[in-house]
Amino acid sequence: MLLTRIKGPRDLDRLSQEELDQLAAEIRSFLVDAVSKTGGHLGPNLGVVELTIALHRVFESPKDKVLFDTGHQAYVHKLLTGRQDFAGLRTKNGLSGYPSRAESEHDVIENSHASTVLGWADGLAKANEVLGREDHHVAAVIGDGALTGGMAWEALNNIAAAKDRPLVIVVNDNERSYGPTIGGLANHLATLRTTDGYERFLARGKEILERTPVVGKPLFETLHGAKKGLKDFIAPQGMFEDLGLKYIGPIDGHDIEALESALQRAKRFSGPVIVHCLTQKGRGYTPALEHEADRFHAVGVIHPDTGLPVSTDAASWTSVFADEMVKLGKERKDIVGITAAMLQPVGLKKFADAFPDRIYDVGIAEQHGATSAAGLATGGAHPVFAVYATFLNRAFDQVLMDVALHKCGVTFVLDRAGITGTDGASHNGMWDMSILQVVPGLRLAAPRDAEQLRAQLREAVEVKDAPTVVRFSKGVVGPAVPAVGKIGGMDVLRAPGAEVTRPDVLLVSVGALAPMCLEIADLLDKQGISTTVVDPRWVKPVDEALAPLADRHRVVVTVEDNGRTGGVGAAVSQALRDAGVDVPLRDFGIPQRFLDHALRKEIMAEIGLTAPDIARQVTGLVAKLDGRYDSEPAAAVD
């Protein structure tokens, strides 16, 4: 196999055109076989095989910087830079599903949030200029889905201002982000896809007119002088050229020879250049091409021949939300849905099918989505903006200043909250309950099971004068966790016997961690430690009944799947201080550091967010209060 002979990018230089085509076929076969075993981003990588080969033949990584926006299309890049062991893809100690500096000097950007690559490229090109590195180049690959993001256009505005600063921007135009790309830019690129191109037209016209006696040459010069208008009529790449960017394309993104020629021309140019490449997401794999929803953008473990899942998961948090949204849509005509280019992943596809006139896909533009939601609410609708928890970070200012300041009734539904695991540091939803704590008036719900998700979503959309947030985990929804009582707005999940006058521990359980918190209570009970377990349901604001309840216990413990800094534990601690309740408090959550990719349960074990770990520490704390604690560690809890 040719692929096994590729240990680095320069090994590509020795291959003939025929061998390059063979290598592309081998890479596609490898990807289908490998990713079907582990799951991962299959469709995007099948679409960039020839493009990535051409990039590494033209540019000299790592001296030249080859950057990938989002990074989910970097599997081919990994293969060509010496990383061909995909057996542990997206698992602990295996390859990351995104570029990773720890893996290779060829990887530059680890952040897999979209629309950032052009900002990176602008900075790297400026560094080359400042330090006089004329033999260094920067090539940034961005999909047209990512070009719907405002950050990309802010960067383009700056890049275009430097006419003599070399920078190659490769637009990987596959008509899609997760699903089909939407918006004005997508329509513009679609126009470019359907043209035969201005240059060929002008060349043919020149040939004919120059053979025409007397009037031919003056007429050609007049037409050439009107190049801008003519070009916009035939191939409206003028949008890019209006910014001051040289445009090359559209290029067949699966023709290595044509790609290399275009990239070489762009590399030689002394200023910023856009190379527009037409690619096909899922290319070479029939099940992906026939999957209209997202062309196998991301898959679980599948059968490589059919593309069908090897196993069928139970109901997920996302599917519960999806079904309840449809029910709400039938009951209330003011309910509308908003997604940032992720209609299917966030569970709004069913709502879109049922109410096509009440769904808005804003593209990869979370900031715009939040402010547009404020406008919808002000106009009398109730928008439900469903977004991954990690991506709400990008719209914090809009949540604060547009939605909350104006007291707009907008509901944000945060999917993939807490530790998500296999997608790595940038996808863990561990920041939302911290950053949202500072937003005045905002209410935040963390449902513990499917029933509570349905109930709290309904409670959220009833709020008309403030933003509400409902957050839930990735994956399968757990079993129902019934309440045994109620105190204020909180559900009591476990209470000590009536004979216990002052229980030892008040355990505040947040969201989907309720089953684990009940397990902690069982372990404490075996140590003779009495425990009350409550689910606040709405974790912001802190329930007024919590402080007096805490005052009737010896210790307060909070458990959340969010960063500990500024999270629910910190909010509870502040509420107790404000109420004058002087009870020891221990908060358990995610340490404030970037976590490597692994299974969720592996990460939970690594950071000590498990029932035995927490029970052991709480046992030690109670023993210390009892005066039983000395230099010896607390007894192990089975």
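Numbering-wise, the numbering used here puts 234 at position 231 of the sequence shown, and it's gapless, one number per residue.
Quick reminder that beta carbons are idealized off the backbone N, C-alpha and C, glycines included.
Rounded to whole angstroms, the separation of the alpha carbons of GLY285 and LEU92 is 19 Å.
In the three-state reduction of the DSSP assignment, TRP156 falls in the helix class, which pools H, G and I.
Between the alpha carbons of GLU260 and PRO12 lies a distance of about 17 Å. Listed as beta-bridge partners of PHE243 by DSSP are no residues whatsoever. The stretch 307-350 is shown to contain whole beta strand (DSSP E) runs of 3 or more residues at 338-342, in chain order.
Take the alpha-carbon of ILE145 and the one of ALA626: they are about 57 Å apart.
Inclusion of VAL61 and LYS270 in the CB contact set at 8 Å is warranted, their separation being smaller than that value. Annotated three-state conformation of ILE277 is strand, per DSSP.
Judged by DSSP in its simplified three-state form, MET404 adopts helix. Among the bridge pairs identified by DSSP, ARG474 is matched with LEU417.
By the criterion of a C-beta distance shorter than 7 Å, MET154 is surrounded in its chain by SER118, THR119, GLY122, once the five residues flanking it on both sides are discounted.
It is roughly 20 Å from the alpha-carbon of GLU106 to the alpha-carbon of VAL141. In this model, GLY569 and PRO443 are separated by some 15 Å (Cα to Cα).
Taking all protein chains in view, the Cβ of PRO539 is crowded by 16 or more other Cβ atoms within 10 Å, so the residue is classified as buried. Each of VAL339, LEU266, VAL38 was checked against the Cα of ASN175, and the nearest Cα belongs to LEU266. Taking the Cα of MET436 as reference, the smallest distance to any Cα among LEU496, LEU460, VAL171, VAL562 is reached at VAL562.
Straight across, the Cα-Cα distance linking THR534 with VAL575 is about 18 Å.
Counted as a single uninterrupted DSSP element, the stretch harbouring ARG31 is not any beta strand (DSSP E) but the alpha helix (DSSP H) occupying residues 20-41. Residue pairing by DSSP puts LEU70 in a beta bridge opposite ALA143.
A Cβ-Cβ distance of about 6 Å is found for the pair LEU49 and TYR288, placing them in contact under the 8 Å criterion.
Between the alpha carbons of TYR363 and PRO506 lies a gap of roughly 50 Å. Considering only THR504, LYS477, ALA449, GLY630, the residue with the shortest C-alpha distance to ALA317 is LYS477. The alpha-carbon of GLY74 is positioned some 8 Å away from that of ILE112. Distance check between ARG451 and each of HIS430, ALA463, LEU496, LYS489 places LEU496 closest, using alpha-carbon atoms only. Judged by DSSP secondary structure, PHE354 falls within the alpha helix (DSSP H) whose first and last residues are 352-357. For THR535, the uninterrupted beta strand (DSSP E) segment begins and ends at 534-538. Each residue's CA atom was taken as its position, placing LEU331 and GLN577 some 36 Å apart. In the structure shown, the three-state DSSP call for ILE422 is coil. Nearest C-alpha to ILE532 among THR504, VAL571, ALA27: THR504.
Here LEU516 is not bridged, per DSSP, to any residue. For TRP320, the closest C-alpha among the options ASN431, GLY350, THR84 is that of GLY350. Counting along the chain, the unbroken alpha helix (DSSP H) around LYS270 starts and ends at 259-271. Close CB contacts of ARG31 within its chain, under the 8 Å cut and outside five residues either way in sequence, are with LEU49, VAL52, ARG286, GLY287, TYR288 (chain order).
Each of GLY152, VAL511, GLY514, ARG580 was checked against the Cα of VAL365, and the nearest Cα belongs to GLY152.
Taking a C-beta distance under 8 Å as the contact criterion, GLN595 and ARG567 qualify as a contact pair. When DSSP reads this structure, ARG446 sits in a beta bridge with THR471.
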